[in-house]
Amino acid sequence: MKPTRKLIVALVFAGLFVLLVVGATAALMLASEAEAHGAARTPEERIVSLLVLAMAACAVAGWGVVRLHALYVAAPLRMAEELTAAVAHSGLRLAAYDSRELQALGQAANQLLAVREALQSDVAERVRDARASLEEERGRLAALMADLSQSVVVCNLDGRVLLYNQRAKQELSAGADGSNADLLGLGRSIYTVFDRALIEHALERLQQASREQTGAESKKLIGSAQFVTATRAGRLLRAHMSPVLGGDAAHSAQVGALSVTGFVLVLDDVTGSNERHARRDALIQSLIEGGRGPLGSIRAAAEMLSDFSDMPPQQRDRFLDAIRDEAKTLSARFENAAAAFSNDLRERWLLEEILGAELVEVAARRIGERRANESRPLAVKTETVDDDLWLRVDSFGLLQALRYLALRLQDEYEVREVRLSLIRAGQLAQFDLSWLGTFMNNETAMSWLQEPMIIGSESSPLSVIEVMERCNGDIWFQRERVSHRAFFRTILPACEAPTDLPRAIVAADEGDRPEFYDFDLFLWSSSGHELDDRPLAELSYTIFDTETTGLQPSEGDEIIQIGATRIVNRRLLKHECFDQLIDPRRELSRESIGIHGITPELLVGQPAIDSVLPAFHAFCADTVLVGHNAAFDMRFLQLKEKQTGIRFEQPVLDTLLLSAVLHPNQSSHRLEAIAERLGVSVFGRHTALGDAMVTGEVFLKMLPLLAEKGITTLRQAREASQRTYHARLKY
Amino acid sequence: MSKKILIADDEQNIVISIEFLLRREGFDVQVAGDGEEALAKVRGEKPDLVLLDVMMPKMNGFDVCQAVRADPDLSDTRILMLTAKGRDTEVSKGLGLGADGYMTKPFSTKELLAEVRKLLGM
Numbered sequence: 003m004k005p006t007r008k009l010i011v012a013l014v015f016a017g018l019f020v021l022l023v024v025g026a027t028a029a030l031m032l033a034s035e036a037e038a039h040g041a042a043r044t045p046e047e048r049i050v051s052l053l054v055l056a057m058a059a060c061a062v063a064g065w066g067v068v069r070l071h072a073l074y075v076a077a078p079l080r081m082a083e084e085l086t087a088a089v090a091h092s093g094l095r096l097a098a099y100d101s102r103e104l105q106a107l108g109q110a111a112n113q114l115l116a117v118r119e120a121l122q123s124d125v126a127e128r129v130r131d132a133r134a135s136l137e138e139e140r141g142r143l144a145a146l147m148a149d150l151s152q153s154v155v156v157c158n159l160d161g162r163v164l165l166y167n168q169r170a171k172q173e174l175s176a177g178a179d180g181s182n183a184d185l186l187g188l189g190r191s192i193y194t195v196f197d198r199a200l201i202e203h204a205l206e207r208l209q210q211a212s213r214e215q216t217g218a219e220s221k222k223l224i225g226s227a228q229f230v231t232a233t234r235a236g237r238l239l240r241a242h243m244s245p246v247l248g249g250d251a252a253h254s255a256q257v258g259a260l261s262v263t264g265f266v267l268v269l270d271d272v273t274g275s276n277e278r279h280a281r282r283d284a285l286i287q288s289l290i291e292g293g294r295g296p297l298g299s300i301r302a303a304a305e306m307l308s309d310f311s312d313m314p315p316q317q318r319d320r321f322l323d324a325i326r327d328e329a330k331t332l333s334a335r336f337e338n339a340a341a342a343f344s345n346d347l348r349e350r351w352l353l354e355e356i357l358g359a360e361l362v363e364v365a366a367r368r369i370g371e372r373r374a375n376e377s378r379p380l381a382v383k384t385e386t387v388d389d390d391l392w393l394r395v396d397s398f399g400l401l402q403a404l405r406y407l408a409l410r411l412q413d414e415y416e417v418r419e420v421r422l423s424l425i426r427a428g429q430l431a432q433f434d435l436s437w438l439g440t441f442m443n444n445e446t447a448m449s450w451l452q453e454p455m456i457i458g459s460e461s462s463p464l465s466v467i468e469v470m471e472r473c474n475g476d477i478w479f480q481r482e483r484v485s486h487r488a489f490f491r492t493i494l495p496a497c498e499a500p501t502d503l504p505r506a507i508v509a510a511d512e513g514d515r516p517e518f519y520d521f522d523l524f525l526w527s528s529s530g531h532e533l534d535d536r537p538l539a540e541l542s543y544t545i546f547d548t549e550t551t552g553l554q555p556s557e558g559d560e561i562i563q564i565g566a567t568r569i570v571n572r573r574l575l576k577h578e579c580f581d582q583l584i585d586p587r588r589e590l591s592r593e594s595i596g597i598h599g600i601t602p603e604l605l606v607g608q609p610a611i612d613s614v615l616p617a618f619h620a621f622c623a624d625t626v627l628v629g630h631n632a633a634f635d636m637r638f639l640q641l642k643e644k645q646t647g648i649r650f651e652q653p654v655l656d657t658l659l660l661s662a663v664l665h666p667n668q669s670s671h672r673l674e675a676i677a678e679r680l681g682v683s684v685f686g687r688h689t690a691l692g693d694a695m696v697t698g699e700v701f702l703k704m705l706p707l708l709a710e711k712g713i714t715t716l717r718q719a720r721e722a723s724q725r726t727y728h729a730r731l732k733y
Numbered sequence: 069m070s071k072k073i074l075i076a077d078d079e080q081n082i083v084i085s086i087e088f089l090l091r092r093e094g095f096d097v098q099v100a101g102d103g104e105e106a107l108a109k110v111r112g113e114k115p116d117l118v119l120l121d122v123m124m125p126k127m128n129g130f131d132v133c134q135a136v137r138a139d140p141d142l143s144d145t146r147i148l149m150l151t152a153k154g155r156d157t158e159v160s161k162g163l164g165l166g167a168d169g170y171m172t173k174p175f176s177t178k179e180l181l182a183e184v185r186k187l188l189g190m
């Protein structure tokens, strides 16, 4: 029944009821009228009929009210209850209702519930899939880590262990007596295994070495730090520390523009190799240093004997005795050296290369750190610092020594300011810790250098002298009366700048996965499907662009630059690039220089196209070529086929044509215009590599849009491209 | 008057050669067998040149050198350090502490003589 008809029926009922009441009243009045004319009724009879009438009216009205209440008050309340239950427990549905309105409402609610359940199960399924894939990745990671011959420990910035491998467990858990002390565990502190100061020092070095390079080539440099330490079981470990980068994790430290959430320690047991090195070194040392004295005596005596042959026999005998004596000493030294080979010697500590200027900077900071209960920290001034000087030192020990000396000066001689300087002196570096005014005597200075370093709560069993010996250096106290300066001068061997500088990672947007590592690659099927029928999203692409001397390949214009990058697993691999200038062996036109900015001088000494194309061909192997207006670039490549014997037979996609497929009504399909439409920021344009990057980003944005149009395979993309108007242009 | 030279070395076998050589060359030669004796003789005898071995008992050559340089009365004393270790940090330390020259064993007696003459301005 329609709602309007229902309204009419209700009105009719209400009218009838009023008519009935009015009718009854009228009947009563007529009855009393008739009574007045004689046909007498007793008052009892009247009351009874009145009562009957009233009861009948009440019954009718009551029935109506109860019915209406059941339909429009009780039923909605019941429905509300059922709905509440259904919200809490999925799978429940609303029952059927008498009233049509509620029936309709109930059905709508049931539909909503069904949609919600479908969504829920969809989400649950996705979560399940994601979890399964995550589990699989973890499994692979675990398998990988278990196979490593090194110990690996991953910690957050608080030093809590997040991940470790079996080898780390074995190596780090052993107690001093070889028993298993079980020191390493998830969530436990790494500081139970390693000295906190050591780790903190390494972290500081890590942060020093990590920075962001801005400018034309913006990239992030991830530093690493190394240190050597001994475990409780007496093994010598070399630790390599590198940072774990995280996007927006709550517990992260900002280093430049990088956010560091933790660190990875890769540990190598170097006890064995170190001991071997140390033994060999000691042998050589003892032979060289121990041999000098006796040899000196023998040589001097021999020279005397030959230069002054006129000497009396007594004198001659003395020289001969000296020679015999020293030769015996020398023989004994050789014997000792040989024997020492089998003895265990003092551990030789591995030293790390550090830029001198960096060491001075850290030293200044370390010395100037405010101590507890200290109102004014020691002032530190940096004087001359050689910027190109590299040192090979145990930087932890060295810094400890410098801080110890400076703080003793402050505590015992009330020195307010110390100065640091670092200069090169031939093959050596000269590091001075100097101050003005108060002097100590040599004996005091000597004792400072020879005592174990203890300052406040910081203590080390080593003395300054021992630390310096470990660094193959030396330290002494000296003063200059004239300038009222005194200093501790440290002499250290200078070394070559290490070739292994911080590795650069690609300046991917914050939050991107690092591109060196992609477990999704495991999901690839390597079986040789025909590329044409494979989904676009699965293929690998080489996105390339060229700069040329002009626009007429058939009239002798040549390629002068090829830039290319790769897309694998729908990610642009910005660090896997091809970027090469090419000598065109002809002149550049002024107009073209205006476009690409490559001047003839830049091309001097660059390889010719004959040697570049084979390399580029190899770079493109097994991928689909993608270019913007690729036909133009392909024409240049094809014209070189005969000359170089290199054929580019890969499938080619053109972002210009794909743009025409996606947005046929747009007037411009220039790369800038497309980039703007798809929200790709354009930078570094008009270098081949820069354009290739933009094209790659554009292409990635196009993939989902193409899928919406039902274009998901390479074949479909190529066919759709060929149908566009632009495809008919030829070069 | 002949120049006075002090040889401070505990290795008798090298001392006899140097002593013999320098006497033959007409120098007034004194010998000290350890660091303390060397310092005492520098103060007492005021030699023109000290041949100072680094590794000596009681007081090493560096300390003797530093003590000599700390004494304004001895500012004319030339010091030629002799070392059996020959590490360049050691050489640098010796020169840093005020030695005038440095020779590493084994050395040729001719070179030693040349160095001695040079330091004495002969």
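So the sequences go chain by chain: A and B. With our numbering, the residue at position 35 of the first sequence is 37, and numbering never jumps. With our numbering, the residue at position 104 of the second sequence is 172, and numbering never jumps. Glycine included, every Cβ here is placed at the ideal spot set by N, Cα and C.
Using only CA atoms, which one of I86/B, I73/B and Q134/B lies nearest to A303/A?
As a first step, residue 303/A must be located in the first sequence, where it is residue number 301. A303/A has its Cα closest to that of I86/B, out of I86/B, I73/B and Q134/B.
Of the residues that make up the region 98-110 of chain B, which ones have a beta carbon closer than 7 Å to any beta carbon in chain A?
none
Please list the residues of the region 684-699 of chain A that have a C-beta atom closer than 9 Å to any C-beta atom in chain B, keeping them in chain order.
Listed in sequence order: no entries.
For the candidate residues W437/A, P45/A and A403/A, whose alpha-carbon lies nearest to that of E385/A?
Position 383 of the first sequence, counting from 1, holds the residue named residue 385/A. If we check each option's Cα against that of E385/A, W437/A comes out closest.
Close Cβ partners of T177/B (< 8 Å) along its chain, the five nearest in sequence each way excluded
As a position in the second sequence, residue 177/B is number 109, starting the count at 1. Cβ neighbours of T177/B beyond the five flanking positions: S85, I86 and L89.
So I82/B contacts chain A; which residues on that side make the cut at Cβ distance below 7 Å?
Position 14 of the second sequence holds residue 82/B. The answer, in chain order, is G298, S299 and A302.
Quick check on this structure: which residue in R536/A, D413/A and I457/A has the alpha carbon closest to the alpha carbon of S377/A?
Here residue 377/A corresponds to residue number 375 of the first sequence, with the count starting at 1. The candidate whose alpha carbon is nearest that of S377/A is D413/A.
Measure how close the beta-carbons of V118/B and A152/B come, nearest whole angstrom, since I'm counting them as under 8 Å.
For the purposes of this step, residue 118/B is taken as the residue at position 50 of the second sequence. For the purposes of this step, residue 152/B is taken as the residue at position 84 of the second sequence. At roughly 17 Å, the Cβ-Cβ gap does not stay under 8 Å, so V118/B and A152/B are not in contact.
Run the CB neighbour count on D121/B, radius 10 Å, all protein chains shown included, and call it buried at 16 or more, exposed below.
Here residue 121/B refers to the residue found at position 53 of the second sequence. Under this definition D121/B is a buried residue.
In the DSSP assignment, find the alpha helix (DSSP H) that holds L660/A and state where it starts and stops.
Walking along the first sequence from the start, residue 660/A turns up at place 658. T657 to L664 is the extent of the alpha helix (DSSP H) around L660/A.
H577/A to L691/A span [Cα, whole Å]:
The sequence position of residue 577/A within the first sequence is 575, counting from 1. The sequence position of residue 691/A within the first sequence is 689, counting from 1. Between H577/A and L691/A, the C-alpha separation is close to 11 Å.
Counting only the same chain and skipping the five closest in sequence on each side, list residues whose C-beta sits under 7 Å from that of F175/B.
As a first step, residue 175/B is located in the second sequence; it is residue number 107 there, counting from the start. Cβ within range, chain order: n/a, list empty.
Taking only three categories from DSSP, how would you classify C473/A?
As a position in the first sequence, residue 473/A is number 471, starting the count at 1. Residue state, collapsed to three classes: coil.
Three CB pairs or more closer than 8 Å across the region 49-62 of chain A and the region 22-32 of chain A:
yes
So which of D624/A, A204/A and G264/A has the shortest CA-CA distance to E354/A?
Start at 1 with the first residue of the first sequence, and residue 354/A comes out as number 352. The candidate whose alpha carbon is nearest that of E354/A is A204/A.
In whole angstroms, what separates the C-alpha of A58/A from that of T86/A?
By 1-based counting over the first sequence, the position of residue 58/A is 56. By 1-based counting over the first sequence, the position of residue 86/A is 84. The alpha-carbon atoms of A58/A and T86/A are separated by roughly 41 Å.
Note down the Cα distance separating E84/A from A90/A, rounded to an integer number of angstroms.
As a position in the first sequence, residue 84/A is number 82, starting the count at 1. As a position in the first sequence, residue 90/A is number 88, starting the count at 1. Distance from the CA atom of E84/A to the CA atom of A90/A, rounded to whole angstroms, is 10 Å.
Under three-state DSSP, which class holds N667/A?
To locate residue 667/A, count along the first sequence from 1; it is residue 665. N667/A: coil per DSSP, three-state reduction.
Counting only the same chain and skipping the five closest in sequence on each side, list residues whose C-beta sits under 6 Å from that of E119/A.
Looking up residue 119/A in the first sequence gives position 117. Answer for E119/A: S92, listed in chain order.
Would the C-beta of L187/B count as close to the ligand NAP, meaning under 7 Å from any of its heavy atoms?
The model depicted lacks the ligand NAP and carries no ligand whatsoever.
Can you give the Cα-Cα distance for H279/A and M149/B, rounded to whole angstroms?
Along the first sequence, one-based indexing puts residue 279/A at 277. Along the second sequence, one-based indexing puts residue 149/B at 81. Pairing H279/A with M149/B, the inter-Cα distance amounts to about 31 Å.
Classify F580/A as buried or exposed, calling it buried when 16 or more other Cβ atoms lie within 10 Å of its own Cβ.
Looking up residue 580/A in the first sequence gives position 578. With 16 or more other Cβ atoms within 10 Å, it is buried.
What are the partner residues of A427/A, as DSSP defines its beta bridges?
Residue mapping note: residue 427/A aligns to position 425 of the first sequence, counting from 1. DSSP links A427/A through a beta bridge to L430/A.
Strictly under 8 Å for the Cβ-Cβ distance: is R320/A near chain B by that measure?
Reading the first sequence from its first residue, position 318 is the one you call residue 320/A. When Cβ-Cβ separations below 8 Å define contact, R320/A makes contact with chain B.
Answer with yes or no whether the minimum CB distance from R92/B to chain A is below 8 Å.
Indexing the second sequence from 1 puts residue 92/B at position 24. Output row for R92/B: interface = yes.
Under 7 Å Cβ-Cβ, which residues of chain B neighbour F310/A?
The residue you call residue 310/A lines up with position 308 of the first sequence. Within 7 Å Cβ-Cβ: R92.
Name the residue from F489/A, I457/A and E460/A whose alpha carbon lies nearest to the alpha carbon of M442/A.
Stepping through the first sequence from its first residue, residue 442/A is reached at position 440. The residue with the shortest Cα to Cα distance from M442/A is F489/A.
Give a yes or no on contact between the region 592-610 of chain A and the region 619-629 of chain A, applying the rule of three or more CB pairs nearer than 8 Å.
no
Compare the C-alpha of D559/A against each of S670/A, I584/A, G565/A and V163/A and name the closest.
The residue you call residue 559/A lines up with position 557 of the first sequence. With distances taken between Cα atoms, D559/A lies closest to I584/A.
What is the C-beta distance between L664/A and L708/A, in whole angstroms, given that I count them as a contact (C-beta under 8 Å)?
Numbered from its first residue, the first sequence carries residue 664/A at position 662. Numbered from its first residue, the first sequence carries residue 708/A at position 706. Confirmed, about 7 Å.
Out of curiosity, what's the CA-to-CA distance linking V195/A and V99/B?
Translated into positions along the first sequence, residue 195/A becomes position 193. Translated into positions along the second sequence, residue 99/B becomes position 31. Answer to the nearest angstrom: the Cα atoms are 57 Å apart.
Just to confirm my understanding: we take P537/A, look at its own chain, exclude 5 residues before and 5 after, and list those with CB closer than 7 Å. What are they?
Indexing the first sequence from 1 puts residue 537/A at position 535. Closer than 7 Å at the Cβ level, and outside the excluded window around P537/A, lie T714 and T715.
Nonlocal neighbours in the same chain, by C-beta distance under 7 Å from S661/A, ignoring five residues either side
Along the first sequence, one-based indexing puts residue 661/A at 659. Result list for S661/A: H671 and I676, in chain order.
Quick one: which residues of the region 443-457 of chain A get their C-beta closer than 7 Å to a C-beta of chain B? List them in chain order.
N444
Buried or exposed: where does K4/A fall if 16 or more other Cβ atoms within 10 Å of its Cβ makes it buried?
Taking the first residue of the first sequence as 1, we reach residue 4/A at position 2. Classification of K4/A: exposed, given that the 10 Å Cβ count is below 16.
Short CB-CB distance (under 8 Å) between K126/B and chain A:
Here the question's residue 126/B lines up with position 58 in the second sequence. Judged by the 8 Å Cβ criterion, K126/B is not in contact with chain A.
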